[in-house]
Structure formats: C-alpha cells, structure tokens
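Peer 1:
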Amino acid sequence: MKASVAMETRLLLPTNENIKLAGDTLKKGGLVGIPTETVYGLAANALDGNAVKAIFDAKGRPMDNPLIVHISDFSQIEKFNLVREIPSKAYILAERFWAGPLTIIMPKGKAIPDEVSAGLDTVAIRFPSHPVTQAVITAAECPLAAPSANLSGSPSPTSAAHVMNDLNGKIPYIIDGGCCEVGLESTVITVAAEPPVLLRPGGITPEQLRDAVGDISISQAVLNKLNDGQKAESPGMKYKHYAPKANLILIKSNDKQYINYVNARKSDAVGALCYDEDTDKLLVKTFPFGSKFDYVQQANRLFDVLRTIDKTNLTTIYCRCPDTRGTAMAVYNRLIRAAGFEVIELA
Ligand code: TXA
Ligand code: MG
Numbered sequence: 000m001k002a003s004v005a006m007e008t009r010l011l012l013p014t015n016e017n018i019k020l021a022g023d024t025l026k027k028g029g030l031v032g033i034p035t036e037t038v039y040g041l042a043a044n045a046l047d048g049n050a051v052k053a054i055f056d057a058k059g060r061p062m063d064n065p066l067i068v069h070i071s072d073f074s075q076i077e078k079f080n081l082v083r084e085i086p087s088k089a090y091i092l093a094e095r096f097w098a099g100p101l102t103i104i105m106p107k108g109k110a111i112p113d114e115v116s117a118g119l120d121t122v123a124i125r126f127p128s129h130p131v132t133q134a135v136i137t138a139a140e141c142p143l144a145a146p147s148a149n150l151s152g153s154p155s156p157t158s159a160a161h162v163m164n165d166l167n168g169k170i171p172y173i174i175d176g177g178c179c180e181v182g183l184e185s186t187v188i189t190v191a192a193e194p195p196v197l198l199r200p201g202g203i204t205p206e207q208l209r210d211a212v213g214d215i216s217i218s219q220a221v222l223n224k225l226n227d228g229q230k231a232e233s234p235g236m237k238y239k240h241y242a243p244k245a246n247l248i249l250i251k252s253n254d255k256q257y258i259n260y261v262n263a264r265k266s267d268a269v270g271a272l273c274y275d276e277d278t279d280k281l282l283v284k285t286f287p288f289g290s291k292f293d294y295v296q297q298a299n300r301l302f303d304v305l306r307t308i309d310k311t312n313l314t315t316i317y318c319r320c321p322d323t324r325g326t327a328m329a330v331y332n333r334l335i336r337a338a339g340f341e342v343i344e345l346a
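Residues in the sequence shown are numbered from 0 upward in steps of one, following numbering that gives the first Met the number 0.
Structure representation (structure tokens):
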C-alpha cells in the first residue's frame, strides 16, 4: 500500500475470527484500536520498536511521552523480560488490583525498546480486566504497547465511534467493545520510588492504594500546574490535555452560587458542564455529566460530554470545581487540565 493513500479503517465486532485478525495484524507490526475497561487504546507489539513508532505517528504524540505495556497474564512480565525486577510492592498491588485499571511502573527490562519507554529506565505495565483486551493480547502472542486511542490533545476515547472520529484512515482496524466501564484512564503508580508515587489518579483511588501498600506520595503534578521548566515525574502530565475548543472555566462554589453566577452570564455563547441535578435551574445550554453525588458516573461520562461540547459553537463553558477525594480526584485531575488550570473562587 502506498503511504500517500489513506487506508480504510474497519470497525470490527469482537468475534473470535476478528480477534484472530487483530492478533495477526499486531504480530505483523500493524496497529489496532482496542477497547479496555478504562478507555480505548491504540495497540502495537510492545517489543517491536518500528511498530511502536507508528503509534506516535498516528496520534501525533511527542516521542518523549512513554507508553504503557499491556499484558494478559502476570507471568508475561518475566517471560518477555519486561522488567529488571518486580519490586515487592508491585506484587502486592498486582495481587489486589489486577486485572484492572491500575498501571504499575517498574525498573525497565531488556526487551523494552526505547520507543516504549521514551529513554527512561522504567516501564509502565498494566493488566487490563476487559475480556476483549485480554483476548487480543493472547491472540497477538506478545505484550501490547497502547496509549489512549485519541489524537494527541483531544479527550481519550470511551467508545469505538470516538476512535473512528480521531483515527479514521490512519489504522486498519478498530475492535468495537462498546462503551468503556471506567471512562477515565488507569491510575498510574510508580514503585521504582520509595514510598511509591501516584502519578495519575484514576478508578483505583489513593485510599485503596494506601490500604494495600501503606504510605504513598502524590506527585505534585496531579493537582497542581507545574512551573515552566519544572520536571514532570510522568512526562504525560506536562502536556496540555483535553483542551476543549471553548474556554472551560471551573467555579469553586456552592450549588446556589454556581447557578447564580452562570445565569447572570446567560448568552448563546455560554454553556454549563454541570451535575444532573443542576440542569433544570440553569438558563444556558447544559451538558450534564452525572449526579453530583456519583463521582464514578462523572468519570464515566466526562470525556464523551467534552467531545459533545466540542461539536458546538459555544465559546465559554462553566463547570463546578470537583472535590479532590476518592474517584473525584481523577475527575478533578482531568477537568483542571481541560480548563488550563483556570478556577474562579466564589467563596
Ligand atoms: O487506561 C489507560 O492507561 C489507557 C488504556 C489504553 O490502557 N492508556 C493510557 O495511555 O492512558 P497513555 O499513553 O494515554 O497514558 C500513559 C501515561 C502518560 O501520562 C505517560 O507519561 C505515563 O503514563 N507513563 C508511561 N510510562 C511511564 C514511565 N515509565 N514513567 C512515568 N510515566 C509513564
Ligand atoms: Mg492519553
């Protein structure tokens, strides 16, 4: 196929035959969009540097942002020489949270190409719980490097349609496994440091991690903006993420203050990314993303709603600033980046 000709991207249901097709494509160095329980991933053979390089090209991802390596059985870590050693806390975390939405960073093994680790001496490993992800890894007979299957800078995809929207013409296949259960990317923790450091909050909360391994610290970049030139412990945290076309502004306030503030600014150009309970009280176009009491639901719907907002011509979106406890920390972490750290306090 000539590089200049856009390839046709086919959406495949996860039948046995299609999983085999995906596995064969990956074995030959190709890329496949795959569902996971967190978000859709753009997968390639993690042990093949050229295949991995194609992921960066398709996404427009900076080469200094390392990828997560996905496995379908714990024994693959040693079998494929993915890590130099498995620290004792990695065993504890794996036992408690795998298969599931947790990524564990460990000292890098010999088999990991530089393209995966972006030159770091560590590697991120994840064992997803989604049966289709596991089946594709097993069919490919190799661990899969997979970042979120969005174009760099847009919200992570939580449905096959989102992947098609971003990567149509750039990859041969997307496996359609329906909507993702968690809806935000995995929690990332490094055990290459002591105490372990939480680098990205997700469905597994800091409270759950502490319950498993005791003390952990939380990287400054999780809740705060890094100063210019400050080094990110996780390269992905330094990039502006999920920047919607409209200016997203977070409002730190109680219910009533938020509603009054937004209604006082009513115009055709203004919208509200709001809790379900607030929709009836707001006079602007609303984009509800879950109950104010249900952070898991908010996490699940957030990216889809951000993509919906991007299809409008609204120029300003007001959203309540979430809490930073439990799963809310993950919602806060994504929203504060989408808002470019712009918060208005109405205390
Ligand atoms: O849920 C997920 O984790 C999804 C699905 C597809 O598994 N994947 C995902 O990958 O979100 P990605 O590439 O979009 O995000 C990986 C994050 C980035 O912020 C990257 O900088 C960080 O993990 N990361 C990867 N390897 C690292 C390492 N060795 N040290 C520090 N951070 C690392
Ligand atoms: Mg990503």
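No residue lacks a Cβ here, since even glycine has one placed at the ideal position from N, Cα and C.
When the Cα of Ile136 is compared with those of Leu30, Pro200, Ala271, which residue comes out closest?
Peer 2: The shortest C-alpha separation from Ile136 is found at Leu30.
Peer 1: So, with DSSP's three-state summary, where would you put Leu301?
Peer 2: Of the three classes helix, strand and coil, the one that applies to Leu301 here is helix, per DSSP.
Peer 1: Under 6 Å from any heavy atom of the ligand MG, does the C-beta of Pro194 make it?
Peer 2: It does not: the Cβ of Pro194 is nowhere closer than 6 Å to a heavy atom of the ligand MG.
Peer 1: Using the beta-carbon of each residue, find all residues closer than 7 Å to any heavy atom of the ligand MG and list them in chain order.
Peer 2: Every residue passing the under-7 Å Cβ criterion appears here: Pro146, Ser147, Asn149, Ser155, Glu184, Gly235.
Peer 1: With a 10 Å radius around its C-beta and 16 neighbouring C-beta atoms as the bar for buried, classify Glu16 as buried or exposed.
Peer 2: Exposed is the call here.
Peer 1: Where does Val131 land, buried or exposed, given buried means 16+ other C-beta within 10 angstroms?
Peer 2: When all chains shown are included, Val131 counts as buried.
Peer 1: From Ser218 to Leu198, what does the alpha carbon distance come to, in whole angstroms?
Peer 2: Spanning the two alpha carbons is a distance of roughly 5 Å.
Peer 1: Can you give me the C-alpha to C-alpha distance between Asn149 and Phe55, rounded to a whole angstrom?
Peer 2: Those two C-alpha atoms are separated by around 11 Å.
Peer 1: By the 10 Å Cβ neighbour count, where 16 or more other Cβ atoms means buried, how is Ser87 classified, buried or exposed?
Peer 2: Ser87 should be labelled exposed.
Peer 1: Is Val190 helix, strand or coil by DSSP?
Peer 2: Three-state DSSP puts Val190 in coil, outside helix and strand.
Peer 1: For Val342, is the classification buried or exposed, using 16 other Cβ atoms within 10 angstroms of its Cβ as the cut-off for buried?
Peer 2: By the neighbour-count rule (16 or more Cβ atoms within 10 Å), Val342 is not buried but exposed.
Peer 1: Taking only three categories from DSSP, how would you classify Phe126?
Peer 2: Coil at Phe126, not helix or strand.
Peer 1: If you run the structure through DSSP and keep just helix, strand and coil, what is Met105?
Peer 2: Strand.
Peer 1: Can you check DSSP and say which residues form a bridge with Lys224?
Peer 2: In DSSP, Lys224 forms no bridge with anything.
Peer 1: So, for Cys318: in the same chain, excluding its five sequence neighbours on each side, which residues have a beta-carbon less than 8 Å away from its beta-carbon?
Peer 2: Once the five neighbours on either side are set aside, the close Cβ partners of Cys318 are Leu247, Ile248, Leu249, Ile250, Ala271, Leu272, Cys273, Leu334, Ala338.
Peer 1: On the DSSP bridge assignment, give the partners of Pro287 in chain order.
Peer 2: Paired residues: Cys273.
Peer 1: Please report the distance separating the alpha-carbon of Asp322 from that of Met328.
Peer 2: Computed Cα separation, rounded: 7 Å.
Peer 1: Near Gly48, what residues of its chain come up, given a Cβ to Cβ distance below 6 Å and the 5 sequence neighbours on each side ignored?
Peer 2: Hits under 6 Å: Pro112, Glu114.
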